[in-house]
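Participant: Take this structure, written in structure tokens, and hold onto it; I'll ask about it next.
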Amino acid sequence: MKWRVSDMDKSAAERIAQRFVGLPVEQRRQILNKMHETGQSFKLLPIAVTRHDVSRIPLSYAQQRMLFLWQMEPGNAAYNVPMAVRLNGPLDRQALSAALDRLVPRHETLRTRFVSEDGAFYQEILQQATVALEFASVAPADLENQVRAELQKPFDLLSGTLLRVRLFQLAETEHVLTVCMHHIVSDGWSGEVLIREFVQLYQAQVSGQPAQLPALAIQYADYAIWQRAWLEAGEGERQLNYWKQQLGTEHPLLSLPLDHPRPLQPSQRGATVRVDVPEQLSAQLKSLARNSGQTLFMLTLAALSVVLSRFSGQADIRIGAPNAGRTRSELEGLIGFFINTQVLRVQVDEQQSFAQLLDQVKQVVTGAQSHQELPFEHLVDALAPERNLGHNPLFQFKINQHVLAADDSGQRVSGLTVDEFPIGSSDARFDLAFDFTDTPGGIRGYFTYATDLFEPSTIERMAEALRAVLQALVADTDL
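Here the sequence shown is numbered in the numbering used here, starting from 7 and rising by one per residue.
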């Protein structure tokens, strides 16, 4: 191999990437091995436009898993991605509908359906598709129930569109707009992309000016083809070997003290308990993170590991953590299902100092980031933990740090005031989860727990324990 990726111009790199995807798997393996031997990173090659070169567009691995889950429970709305905003002021419904008409052609995922041929599923991108802006008048007393009902309608993944938009009118200048997509074509990041572009397109329609949206270099189908081509060529095996070594052969169930027997089939009903960290303690934690080469996520993960260890009596703690999966700039503006889940293993030793625990956690997190492309479903299949409908495989506790979004409350859009409309969903996909956001006024966090398993008092005790561990962490005391 005489060429080096770092020396190529963009067009040459795109041609190499496009050729790589079209090669037989054994030739792809040889190229990838040669690149590793010469110290070159495949990640420097762009994702090429290849969807026009294949007769059948494969599903991404995440989509494949999602379709399997949907087939098991087609009437379940747990994987809807719901959004809602309140609009106050004079609304141009025709401009809103026109904005939607321009958004759908821009993102192929919004006009994708899934078809089965010869026992396998493929993506079919419709050249033209219409998503109607539905409209309904509603009394204020009925609004919340109607919004919730709209956002909880299940999708049929094999027919019909996977995007629904409805405008509820309470008065001439008071509306609520709901947008709902299925997770198989979307994720949380995608929702932000959709709303941002929807607003820009609406403003353009009202003003009569063209919307200044950046061109999309690729579409989600290109990513799905590229993902399979790369992982099949040996990268999947390389990353799987890391995770096998990291997680071992035993996959213990997190044995937290339950207030109720674990049901054979979870209802996914949940509730939340707030865990806010005041500004002073939050500042101390961030200072500690900076001075020790850590991140706030690492500190929080370490503290939660201690809490879970103490409540469960276990030293080997497995925590699930979602990863945005958008490691390349060309993926940032797409609507699609990119998010992946990783399993972070922390071994808590009560004889350790916090400094030793934090060093371990840092290694765990940085190692996971370097091996983040392996699909979670591949990891589950390879490790083959005992399957039980009563709990998730490999981990039962999830941590998620959210990026603080710009405060759009009261944003003005072509004469409209746009405010968030809280949906208030507390579905529990796991036994227990902790979500948090770093804000100027402190850390805002909350536990979401399965009400099938826990009483609020148990989770409140865990919240108090977490605050105490965080306080001890900045005081540099022992575990």
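Just so you know, even glycine gets a beta-carbon here, dropped at the ideal spot from N, CA and C.
Predicted model only: the values in this text are computed from it and were never measured.
In angstroms, rounded to a whole number, what distance separates the CA positions of glutamine 24 and tyrosine 226?
Facilitator: 15 angstroms
Participant: Less than 8 angstroms between the beta carbons of phenylalanine 343 and alanine 68, yes or no?
Facilitator: yes
Participant: To the nearest angstrom, report how far apart arginine 473 and valine 281 are at their CA atoms.
Facilitator: 8 angstroms
Participant: Between the beta-carbon of proline 272 and the beta-carbon of alanine 83, is there less than 8 angstroms?
Facilitator: no
Participant: Distance, Cα to Cα, leucine 168 vs serine 192?
Facilitator: 9 angstroms
Participant: According to the neighbour-count rule (16 or more other Cβ atoms, all chains shown, within 10 Å of its Cβ), is serine 61 buried or exposed?
Facilitator: exposed
Participant: Return the residue from the list Arg99, Ile429, Leu173 that minimises the CA-CA distance to valine 5.
Facilitator: This structure does not reach residue 5, given that the chain is present from 7 up to 485, and the question cannot be answered.
Participant: Determine which residues share a DSSP beta bridge with histidine 181 and list them.
Facilitator: Leu93, Gln175
Participant: Which value, in whole angstroms, describes the spacing of the CA atoms of leucine 75 and glutamate 43?
Facilitator: 39 angstroms
Participant: Terminal residues of the continuous alpha helix (DSSP H) containing phenylalanine 303?
Facilitator: Taken as a continuous stretch (DSSP letters only), the alpha helix (DSSP H) holding phenylalanine 303 covers 302-318.
Participant: As an exercise, report each continuous beta strand (DSSP E) stretch of at least 3 residues that is fully enclosed by the region 132-159, in chain order.
Facilitator: 139-143
Participant: Expressed to the nearest angstrom, what Euclidean distance is found between the alpha-carbon atoms of asparagine 151 and asparagine 94?
Facilitator: 20 angstroms
Participant: Mind checking whether valine 352 and serine 298 have CB atoms under 8 angstroms apart?
Facilitator: no
Participant: If you run the structure through DSSP and keep just helix, strand and coil, what is leucine 265?
Facilitator: Leucine is not the amino acid found at residue 265; the sequence shown has aspartate there. If DSSP states are grouped into helix, strand and coil, aspartate 265 belongs with coil.
Participant: With a Cβ-Cβ cutoff of 8 angstroms, do phenylalanine 453 and tryptophan 236 count as a contact?
Facilitator: no
Participant: As a quick exercise: from Thr56, Leu106, Ala277, Tyr128, pick the residue whose alpha carbon is nearest that of glutamate 461.
Facilitator: Of the listed residues, the one whose Cα sits closest to glutamate 461 is Ala277.
Participant: Could you tell me the distance, in whole angstroms, from the CA atom of leucine 157 to the CA atom of glutamine 46?
Facilitator: So the alpha carbons of these two residues sit roughly 46 angstroms apart.
Participant: Can you give the Cα-Cα distance for leucine 6 and glutamine 320, rounded to whole angstroms?
Facilitator: No answer is possible for residue 6: the residues shown for the chain start at 7 and end at 485.
Participant: Over the uninterrupted alpha helix (DSSP H) stretch that includes tyrosine 229, give me the two end residues.
Facilitator: For tyrosine 229, the uninterrupted alpha helix (DSSP H) run begins and ends at 226-236, by DSSP.
Participant: Who are leucine 260's beta bridge partners in DSSP?
Facilitator: Beta-bridge pairing links leucine 260 to no other residue.
Participant: In its own chain, which residues sit with a C-beta less than 8 angstroms from the C-beta of glycine 197, not counting the 5 before and 5 after it?
Facilitator: Val87, Met89, Val185, Met187
Participant: Out of Asn247, Ala223, Asp387, point me to the one whose CA is closest to asparagine 54's CA.
Facilitator: It is worth fixing the name first, because residue 54 is alanine in this sequence and not asparagine. For alanine 54, the nearest C-alpha among the options comes from Ala223.
Participant: Return helix, strand or coil for arginine 332, following the three-state DSSP convention.
Facilitator: Coil, per DSSP.
Participant: What residue range is occupied by the uninterrupted alpha helix (DSSP H) comprising glutamine 33?
Facilitator: 31-43
Participant: Quick check on the DSSP output: the alpha helix (DSSP H) that includes leucine 207 runs from which residue to which?
Facilitator: 194-213 is the span of the alpha helix (DSSP H), which, as asked, contains leucine 207.
Participant: Give me the Cα-Cα distance between arginine 244 and proline 381, rounded to the nearest whole angstrom.
Facilitator: 13 angstroms
Participant: Please work out which residues of its chain come closer than 7 angstroms, Cβ to Cβ, to aspartate 458, disregarding the five sequence neighbours upstream and downstream, and give them in chain order.
Facilitator: His266, Pro269, Pro272, Ser273, Arg275
Participant: Write down the C-beta distance between valine 367 and methionine 468 rounded to the nearest angstrom, noting that I regard them as a contact closer than 8 angstroms.
Facilitator: Contact doesn't hold; Cβ gap of about 19 angstroms is too wide.
Participant: Have a look at Leu106, Arg57, His408 and flag the residue whose alpha-carbon is nearest the alpha-carbon of glutamate 130.
Facilitator: When the alpha-carbon of glutamate 130 is set against those of Leu106, Arg57, His408, the nearest one is in Arg57.
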